[in-house]
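**Q**
Protein chains: 2
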Amino acid sequence: MENVIVKFKDFLKSHNFLWSKEREIITEQVIDNDYHFTADDLFIQLNQKGKNISRATVYRTLDLLEKSHFVSRIQMQSGKHLYEHIFGHEHHDHLICQECGKIIEFQCEGIEELQKKVALENNFRMTGHCLKIYGICSDCQKKKETKNESEREGE
Amino acid sequence: MENVIVKFKDFLKSHNFLWSKEREIITEQVIDNDYHFTADDLFIQLNQKGKNISRATVYRTLDLLEKSHFVSRIQMQSGKHLYEHIFGHEHHDHLICQECGKIIEFQCEGIEELQKKVALENNFRMTGHCLKIYGICSDCQKKKETKNESEREGE
DNA sequence: TATAAGATTGAGACACAATCACAACTAAAA
DNA sequence: TTTTAGTTGTGATTGTGTCTCAATCTTATA
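Those protein sequence lines, which keep their order, are chains A and B.
Each residue of the first sequence is one higher than the one before, starting from 1 at the first, in our numbering.
Each residue of the second sequence is one higher than the one before, starting from 156 at the first, in our numbering.
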């Protein structure tokens, strides 16, 4: 992961941004988060480690990491944003469980191709997309069944 | 569109909600909006017409219209919500221009089918989805070309 | 029509993520 | 060093959306 730091540094340099201790600490913490996290999660994690970096800087750095495609931002139905690092990751979309909030990643080449086709048909120069499938994961389906059964017994 | 009012009334009745003058006025205004609008757009439109309905009621009624599937809510990257009425409309997804904000609707049966397949493969009971393709529309592509040309001339 | 039960409304306070302004600070190049 | 320009923290501010609760309205029923 060392070279992520190097690459991010390069990105900043080539865009006339500067490197800083804060950006390094934040980037390291982002690397440590193997799952989805909010900007505030990151802020709190840093604080607990005794790194007193302001919220504003966390937000600003996440913006830069997003612009440089090291991090992607996912918008949830609640309106909050989640982030995830995409160092070396393949592109993927998300299945989101409405019961427990679990997020399952998936890739579907067919959908990707069809999206490109749609964009082309509309003379649209596609720069990105966002696909979220909402539903109920298998665990929560089972829990619901169990609950319904016990309710019937209780009657 | 008269029967939209009737159907919404029916929906409310069958769910133990009441009909009110405010809900009627808001629904009529929603019908008048043939394009995407925010909750606040609606609030302002009503105010300009001298209909003094509170923001809270506008939000509450839009929630009901969404629950009854007369309106759908789209989440933008900014975090804001747009609404659109779907009276009689087919389901569709959106192409969103990052330059001018234009929204183009499209339908793609293939993508729908593949989504169902992905959900099935993950034992996910799909309840909905959200697909947005971001990019630059043909108009804005042309504008950019023109701008670049004149910049080159100016050098 | 009168009444009661319960849903709806408006006003403004509130919650919350995210952004902003600006003075103090820091990085990098000469 | 010195200079220049980017970065930071603080705390205020924005903006969307939600909540509370007393007053009001709807509807069903008598």
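Using N, Cα and C, we set each Cβ at its ideal position, and we do this for glycine too.
Quantities reported herein were computed from a predicted structural model and do not represent experimental measurements.
How many angstroms separate the CA atom of Asn-123 (chain A) from the CA atom of Arg-60 (chain A)?
**A** Within the first sequence, numbered from 1, the residue matching residue 123 (chain A) stands at position 123. Within the first sequence, numbered from 1, the residue matching residue 60 (chain A) stands at position 60. Taking the straight line from one Cα to the other gives about 34 Å.
**Q** Cα separation between Asp-189 (chain B) and Phe-242 (chain B)?
**A** Your numbering for residue 189 (chain B) matches position 34 in the second sequence. Your numbering for residue 242 (chain B) matches position 87 in the second sequence. Approximately 10 Å between the Cα atoms of the pair.
**Q** First and last residue of the beta strand (DSSP E) that includes Glu-105 (chain A)?
**A** Counting from 1 along the first sequence, the entry for residue 105 (chain A) is found at position 105. Unbroken beta strand (DSSP E) run through Glu-105 (chain A): 103-106.
**Q** In chain B, what lies closer than 8 Å to Tyr-134 (chain A) by C-beta?
**A** As a first step, residue 134 (chain A) must be located in the first sequence, where it is residue number 134. Within 8 Å Cβ-Cβ: Met-281, Thr-282, Gly-283, His-284, Cys-285.
**Q** Following the continuous beta strand (DSSP E) through Glu-84 (chain A), name the residue where it begins and the one where it ends.
**A** Position 84 of the first sequence holds residue 84 (chain A). From DSSP, the beta strand (DSSP E) with Glu-84 (chain A) extends over 81-85.
**Q** What's the C-alpha gap between Ile-104 (chain A) and Phe-192 (chain B)?
**A** Position 104 of the first sequence, counted from the start, is the residue given in the question as residue 104 (chain A). Position 37 of the second sequence, counted from the start, is the residue given in the question as residue 192 (chain B). So the alpha carbons of these two residues sit roughly 32 Å apart.
**Q** Can we say the region 175-186 of chain B touches the region 208-227 of chain B, given the rule of at least three CB pairs closer than 8 Å?
**A** Segments in contact, yes.
**Q** Whole angstroms is fine: what's the gap from Cys-100 (chain A)'s alpha carbon to Lys-164 (chain B)'s?
**A** Working through the first sequence from its first residue, we reach residue 100 (chain A) at position 100. Working through the second sequence from its first residue, we reach residue 164 (chain B) at position 9. Near 33 Å, if we compare the C-alpha coordinates of Lys-164 (chain B) and Cys-100 (chain A).
**Q** Assuming contact is defined by CB atoms lying nearer than 8 Å, are Leu-250 (chain B) and Phe-261 (chain B) in contact in what I supplied?
**A** Within the second sequence, residue 250 (chain B) is the residue found at index 95, counting from 1. Within the second sequence, residue 261 (chain B) is the residue found at index 106, counting from 1. Against a cut-off of 8 Å, the Cβ pair of Phe-261 (chain B) and Leu-250 (chain B) comes out as a contact.
**Q** Quick one, which of B:Leu-220, B:Lys-272, B:Lys-302 has its alpha-carbon nearest Val-161 (chain B)'s?
**A** Here residue 161 (chain B) refers to the residue found at position 6 of the second sequence. When only C-alpha atoms are compared, the closest one is B:Leu-220.
**Q** When you check each C-beta in the region 91-123 of chain A against every C-beta of chain B, which residues fall closer than 7 Å?
**A** Here the close residues are Leu-95, Gln-98, Ile-104, Phe-106, Cys-108, Gly-110, Ile-111, Leu-114, Gln-115, Val-118, Ala-119, Asn-122, Asn-123.
**Q** Along the chain, which unbroken stretches of the alpha helix (DSSP H) at least 4 residues long are found entirely within the region 20-93 of chain A?
**A** Qualifying alpha helix (DSSP H) stretches, in chain order: 21-32, 39-48, 55-67.
**Q** Mind pulling the chain B residues with CB within less than 9 Å of Ser-138 (chain A)?
**A** Position 138 of the first sequence, counted from the start, is the residue given in the question as residue 138 (chain A). Those are Asn-277, Asn-278, Phe-279, Arg-280, listed as they occur along chain B.
**Q** Nearest chain A C-beta to Gly-234 (chain B) closer than 8 Å, yes or no?
**A** Indexing the second sequence from 1 puts residue 234 (chain B) at position 79. Judged by the 8 Å Cβ criterion, Gly-234 (chain B) is in contact with chain A.
**Q** Can you pull the chain B neighbours of Gln-48 (chain A), defined as C-beta to C-beta under 7 Å?
**A** Taking the first residue of the first sequence as position 1, residue 48 (chain A) is located at position 48. The premise fails here: Gln-48 (chain A) is roughly 27 Å from chain B at the closest Cβ pair, so nothing lies under 7 Å.
**Q** What residue range is occupied by the uninterrupted alpha helix (DSSP H) comprising Leu-120 (chain A)?
**A** One-based indexing of the first sequence puts residue 120 (chain A) at position 120. Element bounds for Leu-120 (chain A): 109-121.
**Q** Using a Cβ-Cβ distance cut-off of 8 Å, determine whether Gln-200 (chain B) contacts chain A.
**A** In the second sequence, counting from the first residue as 1, residue 200 (chain B) sits at position 45. Not an interface residue.
**Q** Is the CB of Gln-29 (chain A) under 8 Å away from at least one CB in chain B?
**A** The sequence position of residue 29 (chain A) within the first sequence is 29, counting from 1. With 8 Å as the cut-off, Gln-29 (chain A) does not count as an interface residue toward chain B.
**Q** Hey, how far is the Cα of Glu-264 (chain B) from the Cα of Arg-280 (chain B)?
**A** One-based indexing of the second sequence puts residue 264 (chain B) at position 109. One-based indexing of the second sequence puts residue 280 (chain B) at position 125. Looking at the two C-alpha atoms, the distance is approximately 19 Å.
**Q** Given this structure, state the Cα-to-Cα distance separating Gln-270 (chain B) from Asn-202 (chain B), to the nearest angstrom.
**A** Residue 270 (chain B) sits at position 115 when you count from the first residue of the second sequence. Residue 202 (chain B) sits at position 47 when you count from the first residue of the second sequence. Answer to the nearest angstrom: the Cα atoms are 42 Å apart.
**Q** CA-CA distance, Ser-209 (chain B) and Glu-183 (chain B)?
**A** In the second sequence, residue 209 (chain B) corresponds to position 54, counting from 1. In the second sequence, residue 183 (chain B) corresponds to position 28, counting from 1. Ser-209 (chain B) and Glu-183 (chain B): Cα-Cα distance of roughly 16 Å.
**Q** Does chain A have any CB closer than 8 Å to the CB of His-191 (chain B)?
**A** As a working note, residue 191 (chain B) is residue 36 in the second sequence. Taking Cβ atoms only, chain A never reaches closer than 8 Å to His-191 (chain B), which makes this a no.
**Q** Buried or exposed: which applies to Gly-135 (chain A), given that a residue is buried once 16 or more other Cβ atoms fall within 10 Å of its Cβ?
**A** Taking the first sequence and counting its residues from 1, the one referred to as residue 135 (chain A) is at position 135. Buried.
**Q** CA-CA distance, His-89 (chain A) and Arg-73 (chain A)?
**A** Working through the first sequence from its first residue, we reach residue 89 (chain A) at position 89. Working through the first sequence from its first residue, we reach residue 73 (chain A) at position 73. In a straight line, the C-alpha of His-89 (chain A) is about 14 Å away from that of Arg-73 (chain A).
**Q** Secondary structure at Leu-173 (chain B), three-state DSSP: helix, strand or coil?
**A** Reading the second sequence from its first residue, position 18 is the one you call residue 173 (chain B). Three-state result, Leu-173 (chain B): coil.
**Q** By the three-class DSSP mapping on this structure, what secondary structure does Cys-295 (chain B) have?
**A** Against the second sequence, residue 295 (chain B) aligns to sequence position 140. Looking at Cys-295 (chain B) - three-state DSSP - the assignment turns out to be helix.
**Q** Mind checking if Phe-8 (chain A) is an interface residue toward chain B, Cβ cutoff 8 Å exclusive?
**A** Here residue 8 (chain A) refers to the residue found at position 8 when the first sequence is read from its first residue. No, no contact with chain B.
**Q** Within its chain, find whatever has a CB closer than 6 Å to the CB of Cys-292 (chain B); leave out the 5 residues flanking it on each side and keep chain order.
**A** For the purposes of this step, residue 292 (chain B) is taken as the residue at position 137 of the second sequence. Cβ within range, chain order: Cys-252, Lys-257.
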